[in-house]
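For what it's worth, UniProt numbering labels the leading residue of the sequence shown as 1, then goes sequentially. Input: a single structure, listed below in structure tokens.
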Amino acid sequence: MNFIVIGAGNIGSGIAQNLLEDGHEVEIADKSRESLNRIRGRNPKIRTREFDVMDRSAYRMLNDYDASVSALPGSIGMQFLKNVAKMGKIVVDVSYMEEDPYDLNGIAQSAGTIIVPDMGFAPGLTNAIVGYFSADLDQIRNVKIYVGGIPEKPVPPLDYTITWSVEGLIDEYTRPVRIVRNGTEDHVPALSGIERIGVGNYADMEAFYTDGLRSLIRNIKCTGEMFEKTIRYPGHAEKMAAIRDLGYFDRIKVDGCNLTMFEISEQIFMEKLFRPDIQDVVLMKVEVSGTKLGREVTRTAEMQTGYDSSRKRTAMDMATSLPASITAEFLSSNGKITSGIVFPEILGKTQNYFEYLVNNMKKKGINVNISVK
Numbered sequence: 001m002n003f004i005v006i007g008a009g010n011i012g013s014g015i016a017q018n019l020l021e022d023g024h025e026v027e028i029a030d031k032s033r034e035s036l037n038r039i040r041g042r043n044p045k046i047r048t049r050e051f052d053v054m055d056r057s058a059y060r061m062l063n064d065y066d067a068s069v070s071a072l073p074g075s076i077g078m079q080f081l082k083n084v085a086k087m088g089k090i091v092v093d094v095s096y097m098e099e100d101p102y103d104l105n106g107i108a109q110s111a112g113t114i115i116v117p118d119m120g121f122a123p124g125l126t127n128a129i130v131g132y133f134s135a136d137l138d139q140i141r142n143v144k145i146y147v148g149g150i151p152e153k154p155v156p157p158l159d160y161t162i163t164w165s166v167e168g169l170i171d172e173y174t175r176p177v178r179i180v181r182n183g184t185e186d187h188v189p190a191l192s193g194i195e196r197i198g199v200g201n202y203a204d205m206e207a208f209y210t211d212g213l214r215s216l217i218r219n220i221k222c223t224g225e226m227f228e229k230t231i232r233y234p235g236h237a238e239k240m241a242a243i244r245d246l247g248y249f250d251r252i253k254v255d256g257c258n259l260t261m262f263e264i265s266e267q268i269f270m271e272k273l274f275r276p277d278i279q280d281v282v283l284m285k286v287e288v289s290g291t292k293l294g295r296e297v298t299r300t301a302e303m304q305t306g307y308d309s310s311r312k313r314t315a316m317d318m319a320t321s322l323p324a325s326i327t328a329e330f331l332s333s334n335g336k337i338t339s340g341i342v343f344p345e346i347l348g349k350t351q352n353y354f355e356y357l358v359n360n361m362k363k364k365g366i367n368v369n370i371s372v373k
């Protein structure tokens with residue numbers, strides 16, 4: 001198969017490497033020559049080409065590929081989807097955009113385009129699990145999602161290291177959180193709702209509310225509660241809440257300075273918390289409970305994965321890039337689904353897709369362990 005990845009950042013590079021490793025032809029496109037040169041330096045087998053999302057005439061080249069995977073920044077991710085929705089192509093997207101991709105559903109359906117948005121780790125893999133677990137339930141009671149990327153061991157002063165976008169991390173700690181209580185949407189502050197949780201070898205961690213439900217609120221109806229919480233070492237949420245409440249994440253320019261406190265904090269975090277010498281771990285626990293044929297059912301998926309030393313890739317890179325690349329492979333080879341905007345939780349209800357996803361992640365060394373009671 002022949003794939004193109006749009007966006008030559010860390011996740012885009014990881015997606016391209018996955019597809020190349022599976023024997024496909026892969027090209028990666030980006031506006032930045034510097035980013036493309038860096039990709040070529042790492043892996044000469046990945047072809048590169050310049051591509052400007054804002055240049056509509058450039059989109060004709062997508063017709064040369066079986067599918068495209070977008071790993072663009074959220075600020076321009078929607079612009080790419082708007083242009084490609086009219087083309088009758090297969091698109092998997094991992095951009096975390098503010099806009100709602102479902103607004104493009106009518107255009108995509110009319111053109112025969114399949115777009116799977118938010119197909120990373122969380123959202124993405126977690127959504128697919130929720131869809132799979134809830135597909136045959138007569139009633140869904142609770143949906144609980146716990147996810148987090150952490151250093152292998154606590155690293156002072158925040159017991160955390162940067163493994164992805166600093167801006168995205170700070171946004172996660174400041175953005176109001178949508179949850180469901182008693183079957184009704186509600187809003188709570190980020191970093192609140194702290195509870196203790198254990199996953200795998202990490203038996204004593206904390207988890208707190210972050211805004212990650214996205215399309216699940218529209219597509220999965222429950223009678224009880226639904227939330228996503230981020231996993232960290234104990235005490236992290238309290239430290240971050242203090243930093244936030246003191247104004248260090250404010251987006252107002254500081255007197256006598258051309259920068260905001262957000263921008264200053266972003267630079268400090270990158271300087272102090274980016275520690276590529278420290279290996280990372282990704283944790284996940286997804287629990288869906290409800291009734292089937294009058295019987296109470298609880299289904300749980302757990303995952304613990306670490307730094308991939310053989311590939312020299314972080315756990316977060318693998319956990320985020322694999323769901324996207326595997327989904328692109330599935331849709332291009334044997335995935336017969338209705339065109340339009342197909343969210344991961346809808347795709348996850350298709351048994352052959354979910355089994356394909358989990359089995360292919362296992363081949364790459366990431367095990368999703370499922371239990372039912």
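Cβ coordinates follow ideal geometry from the N, Cα and C atoms, glycine included. All of these numbers come straight from a predicted model, not from anything done at the bench.
* **Three-way DSSP call (helix, strand, coil) for residue 317 in this model** => Here the question's residue 317 lines up with position 317 in the sequence shown. Helix, per DSSP.
* Going by alpha carbons, who is nearest to residue 355 out of 341, 158, 370 and 343? -> Indexing the sequence shown from 1 puts residue 355 at position 355. The shortest Cα separation from residue 355 among 341, 158, 370 and 343 belongs to 370.
* For residue 32, count neighbouring C-beta atoms within 10 Å of its own C-beta (all shown protein chains included) and say buried if the count is 16 or more, exposed if not. => Position 32 of the sequence shown, counted from the first residue, corresponds to residue 32. Exposed.
* **Length of the line joining the Cα atoms of residue 216 and residue 256** => Counting from 1 along the sequence shown, the entry for residue 216 is found at position 216. Counting from 1 along the sequence shown, the entry for residue 256 is found at position 256. One C-alpha to the other measures close to 44 Å.
* Asked: DSSP three-state call for residue 112: helix, strand or coil?
  -> The residue given as residue 112 occupies position 112 in the sequence shown. DSSP places residue 112 in coil when its eight states are reduced to three.
* Report yes if the CB atom of residue 68 is closer than 8 Å to the CB atom of residue 77, and no otherwise. => Taking the sequence shown and counting its residues from 1, one reaches residue 68 at position 68. Taking the sequence shown and counting its residues from 1, one reaches residue 77 at position 77. No. Outside cutoff.
* Report yes if the C-beta distance between residue 225 and residue 197 is below 8 Å; otherwise report no. => The residue labelled residue 225 in the question sits at position 225 within the sequence shown. The residue labelled residue 197 in the question sits at position 197 within the sequence shown. Contact flag unset, no.
* Near residue 87, which residues of its chain fall below 8 Å by C-beta distance, leaving aside the five closest residues on each side in sequence? -> Taking the first residue of the sequence shown as position 1, residue 87 is located at position 87. The residues are 59, 62, 63, 111 and 113.
* Asked: How do the segment 86-101 and the segment 138-145 stand: do at least 3 beta-carbon pairs fall below 8 Å, yes or no?
  -> Judged by Cβ distances under 8 Å, the segment 86-101 makes no contact with the segment 138-145, as fewer than three pairs qualify.
* Asked: Can you give the Cα-Cα distance for residue 45 and residue 36, rounded to whole angstroms?
  -> On the sequence shown, residue 45 is found 45 positions in, with the first residue counted as 1. On the sequence shown, residue 36 is found 36 positions in, with the first residue counted as 1. When rounded, the separation of the alpha-carbon atoms in residue 45 and residue 36 is 13 Å.
* Within 10 angstroms of the Cβ of residue 186, are there 16 or more other Cβ atoms? Answer buried if so, exposed if not. => Mapped onto the sequence shown, residue 186 falls at position 186. By the neighbour-count rule (16 or more Cβ atoms within 10 Å), residue 186 is not buried but exposed.
* Asked: CB residue 51 to CB residue 115, shorter than 8 Å?
  -> The residue labelled residue 51 in the question sits at position 51 within the sequence shown. The residue labelled residue 115 in the question sits at position 115 within the sequence shown. The Cβ-Cβ distance between residue 51 and residue 115 does not fall below 8 Å.
* **Which of helix, strand or coil DSSP assigns to residue 121** => Along the sequence shown, read from residue 1 onward, the residue named residue 121 stands at position 121. In the displayed model, residue 121 falls within coil according to three-state DSSP, outside both helix and strand.
* Asked: Anyone know if the C-beta pair for residue 2 and residue 321 falls short of 8 Å?
  -> For this step, residue 2 is matched to residue 2 along the sequence shown. For this step, residue 321 is matched to residue 321 along the sequence shown. Not in contact: residue 2 and residue 321 (Cβ atoms no closer than 8 Å).
* **Candidates 155, 16 and 133, of which the one nearest residue 291 by Cα** => As a working note, residue 291 is residue 291 in the sequence shown. Considering only 155, 16 and 133, the residue with the shortest C-alpha distance to residue 291 is 133.
* **Nearest residue (CA-CA) to residue 297, options 148, 304, 288 and 160** => Working through the sequence shown from its first residue, we reach residue 297 at position 297. If we check each option's Cα against that of residue 297, 288 comes out closest.
* **Beta-carbon separation (whole angstroms), residue 131 vs residue 324, contact threshold 8 Å** => Here the question's residue 131 lines up with position 131 in the sequence shown. Here the question's residue 324 lines up with position 324 in the sequence shown. With a Cβ gap of about 16 Å, residue 131 and residue 324 do not count as contacting.
* Asked: Considering only C-alpha positions, which residue in the set 147, 142 and 347 is nearest to residue 182?
  -> Counted from its first residue, the sequence shown places residue 182 at position 182. Just measuring C-alpha positions, the residue of 147, 142 and 347 sitting nearest residue 182 is 142.
* What does residue 369 pair with, by DSSP beta-bridge criteria? -> Reading the sequence shown from its first residue, position 369 is the one you call residue 369. Per DSSP, the beta bridge partners of residue 369 are 302.
* To do: Alpha carbon to alpha carbon, how far is residue 56 from residue 85? Give it in angstroms, no decimals.
  => Indexing the sequence shown from 1 puts residue 85 at position 85. Indexing the sequence shown from 1 puts residue 56 at position 56. The straight-line gap from Cα to Cα measures roughly 12 Å.
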